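Working notes, beginning with the structure itself.
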Amino acid sequence: MSTRPTTAPLDLASTWGGTSRSIDLDGPVHWVDFGGTDGPPVVLVHGLGGSYLNWVGIAPALAEQRRVVAIDLPGFGLTPALGRDTSVNHNAALLSRFVHEVLGEPVVLVGNSMGGMISLLLADRRPEQVVGLALIDPALPNAGARPDPQVAATFAMYAVPRVGEFVLTRYTSRFSDRQRVHGTLALCFADTTRADPTVTEASVELAAWRRSLPSPEAEFLGAARSLLRMLRGRRDYDRIIREVDRPVLLVHGTRDRLVPISAARRAARLNPEWQTAFLDGVGHTPQLEVPQQVLGHLGPWLDSLA
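For the sequence shown, the tail end lands on 355 under our numbering, and the numbers increase by one without skipping.
Structure representation (structure tokens):
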């Protein structure tokens, strides 16, 4: 197990009414309790390279009517991996333990990007733990759609041993924390002027803390490579999409550069029971870019589960 970082991050969650907590699941796991009491708990699951900060645009509003928590998976946010596997399969198993040991009852999973994939994996393997799934621009196979050239080139490098490590290490050393955060915004937002400056500043602070960890590149690449393997094994992933037997809301931005809208439409055709909401002119993280639009679809859907 790797050495824990010596510097403790500042309390960022309190800005949005959240309380930072930690549980030991073969190592510390950071999570944020946004409060609320009614209905099945809502668990917010971030994407690749993300954290609980990905949810602060909608979590306070959701917590006005229901219990809401957000988890930082090992290798992301304020949860260092400390030697733990950061693959999507292992993080799905860890999410299951979190649901069992922290919440102790079936939950509604709300997952973005990689978090959507992990939520689907948990619903497939432990359906008794899941009341419903809200998938916000989940990681899905392109299925013939022409990928964004920059995204395709970047993930092709990530997939190659040693090359991915070199590229990420060089990127981290050449650019400041602020530059890297703004680079992520440019990739994930269709319109970066919609970014909340307070969230951006918190993200810069978190990025600086993560850079103090022993091997952040390895943690990220372990998750990225496992995600790519899952997408390449499309047949099994398609089966999960077709067979999930819980209510599903699929929300997807039409200008998502990482997961094309055609991939979301294909997933909806695989399972016609899914409710869908396609957001015009929105990128990969609608919950940050257009939080009110997301709440407009997510709130009524959550109410319908009752």
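Backbone N, C-alpha and C define an ideal beta-carbon position, used for all residues, glycine too.
This structure is a prediction, so every number in the text was calculated from the model and none was measured.
Query	Result
Hey, how far is the Cα of GLY76 from the Cα of SER264?	16 Å
In whole angstroms, what separates the C-alpha of ARG284 from that of MET206?	24 Å
Taking contact to mean at least 3 C-beta pairs separated by less than 8 Å, is the region 175 to 189 in contact with the region 245 to 261?	no
Quick one, which of ASP240, ARG278, VAL105 and LEU131 has its alpha-carbon nearest PHE204's?	ARG278
Output the boundary residues of the beta strand (DSSP E) element that contains ILE120.	117 to 120
Could you please give me the residues that DSSP links to ASN161 through a beta bridge?	ILE185
Let me confirm a value: VAL209 is counted as buried when at least 16 other C-beta atoms fall within 10 Å, else exposed. Which label applies?	exposed
Going by CA-CA distance only, name the one from THR242, HIS231, ALA257 and GLY213 that's closest to GLU266.	GLY213
I need the straight-line Cα distance from TRP104 to LEU337, nearest angstrom please.	7 Å
What does THR325 pair with, by DSSP beta-bridge criteria?	LEU299
Please name the residue or residues paired with ARG70 in a DSSP beta bridge.	TRP80
What residue ranges within the region 262 to 287 form continuous alpha helix (DSSP H) runs of no fewer than 4 residues, ordered along the chain?	265 to 281
Does DSSP put THR18 in a helix, a strand or coil?	Outside the displayed range of the chain (50 to 355) lies residue 18, so it cannot be described from this structure.
Below 8 Å, how does it come out for the region 154 to 162 and the region 88 to 99: are there three or more Cβ pairs, yes or no?	yes
Check whether the region 282 to 302 and the region 310 to 326 are in contact - that is, three or more C-beta pairs closer than 8 Å.	yes
DSSP three-state label for GLY345, please.	helix
Roughly how many angstroms separate the alpha carbons of ARG281 and PRO190, rounded to a whole number?	7 Å
With DSSP run on the structure shown, which of helix, strand or coil describes LEU61?	coil
On the three-state DSSP scale, how would you describe PHE125?	strand
Under the rule that 16 or more other beta-carbon atoms within 10 Å means buried, what is ALA239, buried or exposed?	buried
From the DSSP output, in three-state form, read off LEU255 for me.	helix
Go through its chain and collect everything with a Cβ distance to ALA62's Cβ below 6 Å, but skip five positions before and after it.	SER69 and VAL81
Buried or exposed, going by whether 16 or more other CB atoms sit within 10 Å of the CB of PRO309?	buried
So what's THR52 in DSSP terms, helix, strand or just coil?	Any answer about THR52 is weak, because its pLDDT of 47 lies below 50 and its placement is not dependable; what the coordinates show is given next. Residue state, collapsed to three classes: coil.
Going by DSSP, what residues sit across from LEU93 in a beta bridge?	ALA119 and VAL159
Quick check on this structure: which residue in ARG146, ALA326 and GLY271 has the alpha carbon closest to the alpha carbon of VAL343?	ALA326
Between the alpha carbons of ILE72 and PRO335, how many angstroms are there, rounded?	29 Å
What residue does the alpha helix (DSSP H) around ASN103 start on, and which one ends it?	No alpha helix (DSSP H) contains ASN103, which DSSP labels as neither H nor E.
Just the C-alpha distance for THR218 and TYR101, rounded to the nearest angstrom, thanks.	24 Å
Should ARG146 go down as buried or exposed, given a rule of 16 or more other Cβ atoms within 10 Å for buried?	exposed
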